[in-house]
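Report on one structure; see the data block that follows.
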Amino acid sequence: MKKILFLITALFITLSITHGMIAKAEDKPPEIEADGAVLMDITTGQIIYGKNDTKILAPASTTKVMTALLTLENTNLNDKVTIGKKPPTAEGTSIGLKEGEVYTVNDLLHGLLLESANDCAEALAEHIGGSVENFAKMMNDKAKKLGAKDTHFVNPSGLYEKDHKTTAYDLSLITREAIKNPKFIKIGREFVYKFPQSNIDGQEKWVSNKNDLIRENNTHYYKYALVGKTGYTTNSRHTYTCAAEKDGHILVASLLYSQSKQYYFDDTKKLFEYGFNNFQLVKLFSEGEQVDTYKVDDSLTIPLLSSKDVYYLAKKSELKQQISRGKYEKLIKPEINIEDKNLEEVSFKKGEKILSSKVLINNTEITDLKLTSGIDRNYTKPLLLRKITSTNYRTYIIVLIPIVLGVSLIIYKHRLRRRKRLFLKKKYKLKI
């Protein structure tokens, strides 16, 4: 009986350990109602989920993420903005700005991101770009710089126009850049905001956040939601972009042409849960870590260091779970392809970027990486080469070249005349 109990206990323990060592099977990606959708990892830029991710669609008021990004990059929050003639006539959502009113950039950003006010968008555009048209050019330049190659903006608010377009992928790139600015997150997370009294009529304006995922009393509340922007026009339908953070891991979801808020709020939560539950951010290299070496000659090998932290977003099913520590052990083996460059006659300092490389996982490029030197290297040319390259020596050569050529020419002519005399002398003797 004791033997049977012992065998049963041993079998139970073995099964428990084996079960714990097997990584959880990967969930299936959720079905998303929106016409275009992307779930992106912020750190690496890797796409976790994509549905028509490069399909051209209208962004509606998610456009205002770019407007806010440019505003934060080109102004101070306390800068004063005098409302011009055009913003009060803006179509769509408005907070009722009046010509001649004076507000701070901070006030107008709250109206832009919380209430999605088009008059605030136009007021900021005129303040920064001088006109809506010039500001749109700034928006397009910034989009191109971020790699949002399929995006084209015509206005700062997102009102539907035929040539005002983006993709779920591009929108995620723009949101990814915007959330690097803590001011964008701070403003976008506020529930309500009170404008100061108008200098025109003394009225106060209140704006409230339309992003249900951050509102604790809302049925759509998602505790990991960080900041987001909603959008809607009749032609664009519902649009949404949002960031979420869990245990320091940040993801961005962007959905375009959804049929209702209910759909895109629910689908966004599904995307975030899929990403957090099935993917793990793995650090491949730390900044300053030696990743390779470069052999100059038999007497000198240079340690090559990573110039930055390098991460890779791995499926948890690709990682081996360690029960004892409750962490994940790396099974990901990165490769580094280093550019072919001759450093034999190059001097550099420790920490200086000296080579470019590409990091690959399973033969797929994941990022570019500059490599720095782990040592100082002061290359000195041999004495003879130093003389040849010195300024004085080059001067001597420049002076000597025509002299040598002149002497050579004289010698050549002398030999030519001598040969001619010998030839004539022999010819004369033959005649006799």
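Here the sequence shown stands for residues -25 to -1, 1 to 407, numbered as in mature numbering (1 follows the signal peptide of the UniProt record, and there is no 0). All C-beta atoms, glycine included, are put in the ideal place defined by N, C-alpha and C.
Near L335, which residues of its chain fall below 6 Å by C-beta distance, leaving aside the five closest residues on each side in sequence? E310
Could you give the residue range of the beta strand (DSSP E) that holds Y24? I22 to K26
Can you give the Cα-Cα distance for S281 and I23, rounded to whole angstroms? 26 Å
With contact counted as at least three CB pairs below 8 Å, one residue from each stretch, are the region 76 to 85 and the region 171 to 180 in contact? yes
Alpha helix (DSSP H) containing P157: first to last residue? P157 to R164
Quick check: residue 442 and I103, are their CB atoms within less than 7 Å of each other? Nothing can be reported for residue 442, as the shown portion of the chain is limited to -25 through 407.
Check whether the region 160 to 170 and the region 180 to 188 touch, using three or more Cβ-Cβ pairs below 8 Å as the test. yes
The alpha helix (DSSP H) spanning D82 covers which residue range? V80 to L88
Name the residue from K119, L47, P5 and D145 whose alpha carbon lies nearest to the alpha carbon of Q21. D145
Does the Cβ-Cβ distance between S36 and G133 come in under 7 Å? yes
Report the option in N252, G203 and I376 whose CA atom is closest to the CA atom of L88. G203
Beta-carbon separation of E8 and D187 under 7 Å? no
Going by DSSP in three states, P278 sits in which element: helix, strand or coil? strand
Are the CB atoms of V285 and L256 nearer to each other than 7 Å? no
Given that a residue counts as buried once 16 or more other Cβ atoms are within 10 Å of its Cβ, and exposed if not, what is G206? buried
Using the three-state DSSP reduction, which class does T46 fall into: helix, strand or coil? helix
Count the other C-beta atoms from every protein chain shown that fall within 10 angstroms of the C-beta of K270, then say buried if there are 16 or more, exposed otherwise. exposed
Using DSSP with H/G/I as helix, E/B as strand and the rest coil, what is T194? coil
If you follow the alpha helix (DSSP H) that R352 is in, where does it begin and where does it stop? Note, R352: premise wrong, no alpha helix (DSSP H); not H, not E.
Ignore the nearest five residues each way along the sequence and tell me which others in G67's own chain have a CB closer than 8 Å to its CB. N93, S132, L134 and T208
Is it the case that the CB of K185 approaches a heavy atom of the ligand NAP more closely than 6 Å? In the structure shown, the ligand NAP is absent, as is every other ligand, since no ligand is present at all.
Closest by C-alpha distance to I31, when choosing among N337, Y232, I341 and I378: Y232
Extent of the continuous beta strand (DSSP E) run through L344: T339 to S348
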